[in-house]
Each structure stands twice: as structure tokens, then as C-alpha cells.
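Report on one structure; see the data block that follows.
Protein chains: 2
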Amino acid sequence: MERLQPVRRDATVADVAKRAGVSKAQAARALGNYGAVSDDVRERVLAAAQELDYRPNELARTMNTGKSHTLGVVVGDIENPHFGLLMRGISDTAKRAGFDVILVNTGEDVTIERDAVQVLLDKRVDGLIVAPASSLETEHLRRVYESGRPLVLVDRQAQGVPAEVMAVDMTSVAFASTRHLLEQGHTRIAFVSTIDSGEPYRPGIRLHSSQIMERLTGMEQAFGQAGLSLPPDLVRLNAGNADSIRRITRDLLAGSNPATAIVASDGLIALSVVEEIQALDLDIPGEVSILMYDDFPWTRLTTPPLSVIAQPVYDIGAAAAKTVIARISGRVQVPATPAFEATLILRGSIGVPPSALPEAAAS
Amino acid sequence: MERLQPVRRDATVADVAKRAGVSKAQAARALGNYGAVSDDVRERVLAAAQELDYRPNELARTMNTGKSHTLGVVVGDIENPHFGLLMRGISDTAKRAGFDVILVNTGEDVTIERDAVQVLLDKRVDGLIVAPASSLETEHLRRVYESGRPLVLVDRQAQGVPAEVMAVDMTSVAFASTRHLLEQGHTRIAFVSTIDSGEPYRPGIRLHSSQIMERLTGMEQAFGQAGLSLPPDLVRLNAGNADSIRRITRDLLAGSNPATAIVASDGLIALSVVEEIQALDLDIPGEVSILMYDDFPWTRLTTPPLSVIAQPVYDIGAAAAKTVIARISGRVQVPATPAFEATLILRGSIGVPPSALPEAAAS
DNA sequence: AACCGATGTGAGTCCGGTCTCAAACCTACT
DNA sequence: AGTAGGTTTGAGACCGGACTCACATCGGTT
Numbered sequence: 323m324e325r326l327q328p329v330r331r332d333a334t335v336a337d338v339a340k341r342a343g344v345s346k347a348q349a350a351r352a353l354g355n356y357g358a359v360s361d362d363v364r365e366r367v368l369a370a371a372q373e374l375d376y377r378p379n380e381l382a383r384t385m386n387t388g389k390s391h392t393l394g395v396v397v398g399d400i401e402n403p404h405f406g407l408l409m410r411g412i413s414d415t416a417k418r419a420g421f422d423v424i425l426v427n428t429g430e431d432v433t434i435e436r437d438a439v440q441v442l443l444d445k446r447v448d449g450l451i452v453a454p455a456s457s458l459e460t461e462h463l464r465r466v467y468e469s470g471r472p473l474v475l476v477d478r479q480a481q482g483v484p485a486e487v488m489a490v491d492m493t494s495v496a497f498a499s500t501r502h503l504l505e506q507g508h509t510r511i512a513f514v515s516t517i518d519s520g521e522p523y524r525p526g527i528r529l530h531s532s533q534i535m536e537r538l539t540g541m542e543q544a545f546g547q548a549g550l551s552l553p554p555d556l557v558r559l560n561a562g563n564a565d566s567i568r569r570i571t572r573d574l575l576a577g578s579n580p581a582t583a584i585v586a587s588d589g590l591i592a593l594s595v596v597e598e599i600q601a602l603d604l605d606i607p608g609e610v611s612i613l614m615y616d617d618f619p620w621t622r623l624t625t626p627p628l629s630v631i632a633q634p635v636y637d638i639g640a641a642a643a644k645t646v647i648a649r650i651s652g653r654v655q656v657p658a659t660p661a662f663e664a665t666l667i668l669r670g671s672i673g674v675p676p677s678a679l680p681e682a683a684a685s
Numbered sequence: 323m324e325r326l327q328p329v330r331r332d333a334t335v336a337d338v339a340k341r342a343g344v345s346k347a348q349a350a351r352a353l354g355n356y357g358a359v360s361d362d363v364r365e366r367v368l369a370a371a372q373e374l375d376y377r378p379n380e381l382a383r384t385m386n387t388g389k390s391h392t393l394g395v396v397v398g399d400i401e402n403p404h405f406g407l408l409m410r411g412i413s414d415t416a417k418r419a420g421f422d423v424i425l426v427n428t429g430e431d432v433t434i435e436r437d438a439v440q441v442l443l444d445k446r447v448d449g450l451i452v453a454p455a456s457s458l459e460t461e462h463l464r465r466v467y468e469s470g471r472p473l474v475l476v477d478r479q480a481q482g483v484p485a486e487v488m489a490v491d492m493t494s495v496a497f498a499s500t501r502h503l504l505e506q507g508h509t510r511i512a513f514v515s516t517i518d519s520g521e522p523y524r525p526g527i528r529l530h531s532s533q534i535m536e537r538l539t540g541m542e543q544a545f546g547q548a549g550l551s552l553p554p555d556l557v558r559l560n561a562g563n564a565d566s567i568r569r570i571t572r573d574l575l576a577g578s579n580p581a582t583a584i585v586a587s588d589g590l591i592a593l594s595v596v597e598e599i600q601a602l603d604l605d606i607p608g609e610v611s612i613l614m615y616d617d618f619p620w621t622r623l624t625t626p627p628l629s630v631i632a633q634p635v636y637d638i639g640a641a642a643a644k645t646v647i648a649r650i651s652g653r654v655q656v657p658a659t660p661a662f663e664a665t666l667i668l669r670g671s672i673g674v675p676p677s678a679l680p681e682a683a684a685s
């Protein structure tokens, strides 16, 4: 009374061929429609395939075509809406071109990234899109590039890896937005970032994230142009979790010479910064001005709405996918890397610092 | 002067074997360490592999082991932080067990979902996690289930598919939160959802999302217990985009008998609802109360902070992954599906409706 | 009637691994 | 010395398709 075939094997070309009464080769031709097949044979094969519910094994197919129609995507934290949106751009574009996506989350850990890249290569993805955890430790990415497998980077550069990078040049927006803050009268401008550097900030420090480097460079330039310099004590790295961000915020706003503006390196940072400011019962922008990177819809809902630096994240993802796919298809003429622009969106969270109020109010 | 091997082929077991001066079989054994291999041979093979930078082809391996160590995940919209978090739970758990994840985004389109499932099966994923776009059109999911390939559903039920479902039972929170609103004196409670139904709401309507059905059921029960009934004109479906949500909001709050509380079916809805309320210059919670599903960090930043219904999204993802993997590993004793609980978190956005103020204020 | 190219067809190889099988090689013990 | 029992080893089948090659088969020419 026992079932002998609890999991009945999927039908293969051979099964279809037998059922249609033709050779495996003919069946394969009819199914893959290539080569020459008579109408009679084609019909019988297709009918047999139908009846057996035949589905080609993509793996077997990949084995001898070499193409898996799969992209590997490696990001730092898919929970972050930034990557969610990026992923959407990649995924939409990939699907349209008939590619699937294997996603790996690294938690911004280079070791995991290294493994991830290797595994994806072992799974024979046709190309890779990586948001590098580090712009400095890039040996593994260089090897991928040199192996000739299409690789496109997003968000950050990777030193020594000549692959295309789809990212906004943050220097100029950082410059422009800092100038804006300076013009409002702020000189005590703080910058808070999650980036892990092992040591506190000092001018000229090298960081794992080229994005953050650019932002700092832009800020330094703006300060320089104003004949000032970015206060090193206000640049705070290693703001890993909500607690440390709140501690840093408290620290920045205490003392006799507090920060009058805080630039948050991402949405998560801004969240905790604003929470702490509310806890300290300080007024935005009356007592502290806030600027954050990335434009999320909720930034319009806070009181006051947050001023942000918006970047075309979806487009960056889409362009990355488009480029790897072009490379995979062997197109020599790969679409030129578009220049992505970040824009400063002023809402209500930037004001004149208290210190500058009496005389600056007239202008 | 021409390079003859522009892309030098990856090394295979055969290459390693030749270099080590042993048979392919021996090399394979040493590499995969199984079977009996003398120390001498093992050393030589490993050394050769090292020198040739040998990496096993996972596809070939999958072909005859049948295991791909890959999970297929199908979600509606990865851009939605809800799914980002879910994905994180799945991804973390999968990685720990040595599984990779192929992610497909359907845009909540059943047709795309159908294809996606098929493609994933063709790619021979070991198991599937699906957040069904529809709880009603489930033929394709039933087929997967019947084929015996491990399948776990998240967030929503799928009619006629006896697979495990990892989801919160929304009925009870919906009941509890509605009762809370009723106790505050609200009777004009609106519910706004993106769910696409083709027709306006009427009691007993069948919807694609079992989650939404549950929420409505809970609301109806609470109304019923209070001897009232859920006003059908205040249940608004098909709130597809920001514009339509804002229009609906305006509509709900206009007229002689406006809604005094609005329940937003997700974060995106809440966003537009609140924006429109601000535009109408109405006070929350003085004139309108707001409750939203899903607890995102930013809900603490609005003025007032939003009351929400939180669900353990990360845990749901993790549990889903754990269960498919258990199934894949053939464990008969699959971990029991945990009962996930959603909780009502009261912050500042729910108050007493204006109509109930004069006398209700005393209690 | 002989010959041509175009079209159909099946046998069999290959992709890169895993795994079975039988033979070869070692002990160790009668 | 002879052999039972274990360990090593290599040849080759196999997974499920794609594809090459040699061999029909056919209508159309001259």
C-alpha cells in the first residue's frame, strides 16, 4: 500500500523525446527551438512536453551555455531604505532584461563581502553589482575585475579597481550645502557618520567610505573658501547605534561652544539626532539646524520638515544594472556612466544660529 | 603579439588532477573530502588546487547532488521597509545555515509572481518563501506545494495552499485597537488601504489580502461588541498612490459627518494621510486621530508621534527561513510555527474626538 | 538519370562535478 | 606462503541540457 514515487522526478528532454518517439537531439531542438525540425516532430514534441509538464533545467542549460542570466548583488544593509530603493532599481531593470538577482547582505563587513563575492562567482552569476563595504580593502574586488567578469560598483569607489562606479559625486553638494550653512551664519557645523574608522577624525584621515571622504572634502572646501576651517572636534565617526548617536549629539550640543548645525550622514543617524534634540528640549531650527543625507518621504512629516540632500538612488541602481547587463551581453559600447546629481532640498530645519541673530536678522 | 587566452578558463577538477598527477576521481575526493584518500595524494591535490586557484563550480555540483543551497524569495515590493526588514530576517538566517537567496520583486502582480515562482523552480532553488500577492489566486502556489518543494508563506494566507504561513493574526489587534478608538469616543473610524479590489468596500467583500480581511474583521467585531457597526463609507480601498490617498483623506474629513479617526494600512498610506491633514491645517489628535500599521522609527519623530500597530517583521522573516530550511534538510520535526503577536503602541496621535469632548473629558 | 544544396535526423560528446564499481595494493594472521 | 579484510586508486557512468557531426531524405537542376 506504499507509494513508490513520493517525489516524482521532473520530466527531462529524454523523457519528452521518448514520449514523442523521436531522438533526444530532435526533442531538444524543438524545445529550444534552434536547428532544423520538421513541423510534424515539433508538434509531437511540444505536445509531449505539455503532457509531461516539462520544464527545462536552467542549471543544466547554464552548464553548457555559460550564461546563468543571474546577477549577483552585494549590499551592506538591505534593511536600510536606501538599499531597498537601490535594489528596486536593479531588480526592475534586471527583470526587464530577463535576469534574476541573487542578493547578499554583508552587514558592511568586508570579510563577509569577500566570501559573498566568491560564492556568487562559484554560482556562476553573469555579473556583479557591489556596494563595497570598504573603499580601501578591495583586493577581492580587483580579482573579480581582473577575472573579466562584469563588475559594477555602486555608491562608493574601490581603490585600485577600475570598474565603473555608479554614484553621486558628493563633493559638490557637500560644498554647496556647507556654504549654505555658512551663509546662514553657522561656523560650528557638526558631521555625524556611522563609518567605522578605528580612530577619531583628524584632517587628512583616510576612511573606508569614499562617499564620506567626499562629503568631508566638500565641507572642508566650503570652510576654506570662507577663510575658515572645519572644526575637527565636530566631526564624529563611529556612530554605530542609536545610543552612541544620542550620546554624541548630547556631547556636540553641550559646553560653551556647542555645534549650531548638525549634518547627519544618513536617515538612521538623523532619527536619533532629532530624538535627542527633542529630549534636550531644543528648538529646530531656532537653536540647532539639521541637515540629513538621503531624502525619505517621512522627512516631510517631522516638525519642522527636514532639509535633506537627495540622491537619485533608484536611478543609480537602474544604471548599474543596465551597465553590467551591457557588459555581459558583450556590447563594447557600454552606456556612458551617467553623472548623478545630488540636490540640496531646503525645508524647515535649517535656520540662522542663535549667535548670529541680533545683526543678521536684517538681511 | 596577440594574447591567445584573453579569458583563461577557470581550473576544473580535471586540471587539478592532472597537475597533481592523480586521477580525476582521487582529486575530487581530496577536494570534496569524502571517500578514502592517502595523505600523500591529499597534499599534492590540495597544493595543486592552491596553485591553480581552483574553485568548485557550484552549478555542476548542484546538478548531481540536487541541492543548490539557495532559497527563492518572492515579495511584493522590496522598496517598502516592511519587506526590507523581512528580507533581513530571511537573509541573516539563511546565511547562517549556508544558504543564499534569490530575490524577486513582483510589484504585487500575480502574473509576475507566477512567472517568478516558475523561474525559481527552474533554477532549482531548494525552497521558496513567498509573500503572496493574492490570497485568492493561488493555483501556482498550490502546484509548488504539491510538487513537494518546501514552501513557506509570509504575511498572507493563500487559499487552498496548506503550506505554513508565518504571519501575525491581525484580527485580535485590529479588534483591540478599534475598541480603544471606540472607548475614546470615536465612532467614525476610517480605514484606508492600498489593496486593489476592483470595487468599493461592502461588508462581506472578499479581498486579495487575508491580512486586510483580518483587520477589517477585527474592526467589525469591535464595532459589533459595542452594538455599532463599521461605517462602510469610511472603508477605502484602492488607495494606490499619493494623490489618491490625499484625495481620499480630504474626502473622509469633509462633509457634515466626517471621520474622526483614520487607520492607515501601512506606512506609505500614513505618510500621505498625515501630509493631507497638515495641508488641511487640522490638528492631530485634537481634530483627527491617526493609527498606522507597522512601526517604523520615524513614527516617533512626527508631531505628535504616531500610534502604531507593531509586528515582529524581522522575526517573521527569520522564522520563515528557519522553517523552509528545516523542510529542505528533511527534518520531519519542523519547528512549530510560532504565534506572532502584533502590539498596539500608543503614542500621541490618538485622542478624544471633538464631538465627545464636553462630557467625555471628565473620565 | 545523375547531382546539387537544403533540410531532417540520430548518435554521441561536452560542460564540471559526484559517485559506483572493480581492480590494485597493503597489511596481518593462519 | 597463502589469504582474508581493509584501504587506495582509476575508469567511467551520470546529472540534463546544448551542440557537433555524419548520415539520410528531398525537391530541383541540367
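Chains as they are written, first to last, in my numbering: chain V, 323 to 685; chain Z, 323 to 685.
Where a beta carbon is used, it is the ideal one built from N, C-alpha and C, also for glycine.
Per-residue burial, residue i [other beta carbons within 10 Å of its own, 16 or more giving buried]
{"i": "Val654(Z)", "result": "exposed"}
{"i": "Asp448(V)", "result": "buried"}
{"i": "Asn563(Z)", "result": "exposed"}
{"i": "Gly540(Z)", "result": "buried"}
{"i": "Ser551(Z)", "result": "exposed"}
{"i": "Ala684(Z)", "result": "Any reading at Ala684(Z) must be qualified, since the residue scores a pLDDT of 44, below 50, and its modelled position is unreliable; the value itself is stated next. Exposed."}
{"i": "Ser671(Z)", "result": "buried"}
{"i": "Gly343(V)", "result": "exposed"}
{"i": "Gln375(V)", "result": "What sits at residue 375(V) in the sequence shown is Asp, not Gln. Counting Cβ neighbours within 10 Å, Asp375(V) comes out exposed, since fewer than 16 surround it."}
Neighbour list for residue i in chain Z, Cβ cutoff strictly below 7 angstroms
{"i": "Ala382(V)", "result": "Met385"}
{"i": "Leu593(V)", "result": "Pro619, Trp620, Leu623"}
{"i": "Arg410(V)", "result": "Ile400, Glu401, Asn427"}
DSSP-derived helix/strand/coil call for residue i
{"i": "Asn427(V)", "result": "strand"}
{"i": "Thr433(Z)", "result": "helix"}
{"i": "Thr539(V)", "result": "helix"}
{"i": "Ser685(V)", "result": "For Ser685(V), the predicted model reports a pLDDT of 44, less than 50, meaning its position is unreliable and no value from the coordinates is stated."}
{"i": "Ser629(V)", "result": "strand"}
{"i": "Ser611(Z)", "result": "strand"}
{"i": "Pro676(Z)", "result": "helix"}
{"i": "Leu550(V)", "result": "coil"}
{"i": "Asp555(V)", "result": "helix"}
{"i": "Glu486(V)", "result": "strand"}
{"i": "Val635(V)", "result": "helix"}
{"i": "Thr387(V)", "result": "helix"}
{"i": "Lys340(Z)", "result": "helix"}
{"i": "Asp414(Z)", "result": "helix"}
{"i": "Ile534(Z)", "result": "helix"}
{"i": "Val595(Z)", "result": "helix"}
Residue i: contacting residues in chain V (beta-carbon distance under 7 angstroms)
{"i": "Val474(Z)", "result": "Going along chain V, no residue has its Cβ under 7 angstroms from Val474(Z), so there is no contact; the nearest lies around 18 angstroms."}
{"i": "Val441(Z)", "result": "Asp422"}
{"i": "Val596(Z)", "result": "Leu623"}
Residue i versus the options, residue with shortest Cα-Cα distance
{"i": "Glu459(V)", "options": "Ala496(V), His508(V), Arg528(V)", "result": "Arg528(V)"}
{"i": "Thr415(V)", "options": "Ile647(V), Phe662(V), Thr665(V), Asp603(V)", "result": "Ile647(V)"}
{"i": "Asp422(V)", "options": "Thr384(Z), Gly589(Z), Val441(Z), Gly398(Z)", "result": "Val441(Z)"}
{"i": "Pro607(V)", "options": "Ile570(V), Pro626(V), Glu598(V)", "result": "Pro626(V)"}
{"i": "Val476(Z)", "options": "Asp616(Z), Val397(Z), Leu538(Z)", "result": "Val397(Z)"}
{"i": "Glu536(Z)", "options": "Ser457(Z), Thr493(Z), Pro553(Z), Ile434(Z)", "result": "Thr493(Z)"}
{"i": "Ala641(Z)", "options": "Val363(Z), Val595(Z), Val557(Z), Arg410(Z)", "result": "Arg410(Z)"}
{"i": "Pro454(Z)", "options": "Glu430(Z), Ala371(Z), Ala583(Z)", "result": "Glu430(Z)"}
{"i": "Ala512(V)", "options": "Ile534(V), Arg366(V), Val557(V), Asn579(V)", "result": "Val557(V)"}
{"i": "Asp337(Z)", "options": "Val367(Z), Val363(Z), Tyr356(Z), Arg622(Z)", "result": "Val367(Z)"}
{"i": "Arg622(V)", "options": "Leu450(Z), Glu597(Z), Arg331(Z)", "result": "Glu597(Z)"}
{"i": "Glu373(Z)", "options": "Pro403(Z), Thr334(Z), Gly357(Z), Val395(Z)", "result": "Thr334(Z)"}
Neighbouring residues, chain Z, relative to residue i (Cβ below 8 angstroms)
{"i": "Ser413(V)", "result": "Ile400, Leu425, Val426, Asn427"}
Under 8 angstroms from the C-beta of residue i: neighbouring residues of chain V
{"i": "Lys444(Z)", "result": "According to the sequence displayed, residue 444(Z) carries Asp and not Lys. By Cβ distance, chain V contributes Arg377, Pro378, Asn379, Glu380."}
Using a Cβ cut-off of 7 angstroms, which residues of the segment 395–408 of chain Z contact any Cβ in chain V, in chain order? Ile400, Glu401, Pro403, Gly406, Leu407
Which residues, in chain order, does the segment 419–430 of chain Z contribute to contact with chain V at a C-beta distance below 9 angstroms? Asp422, Val423, Ile424, Leu425, Val426, Asn427, Gly429
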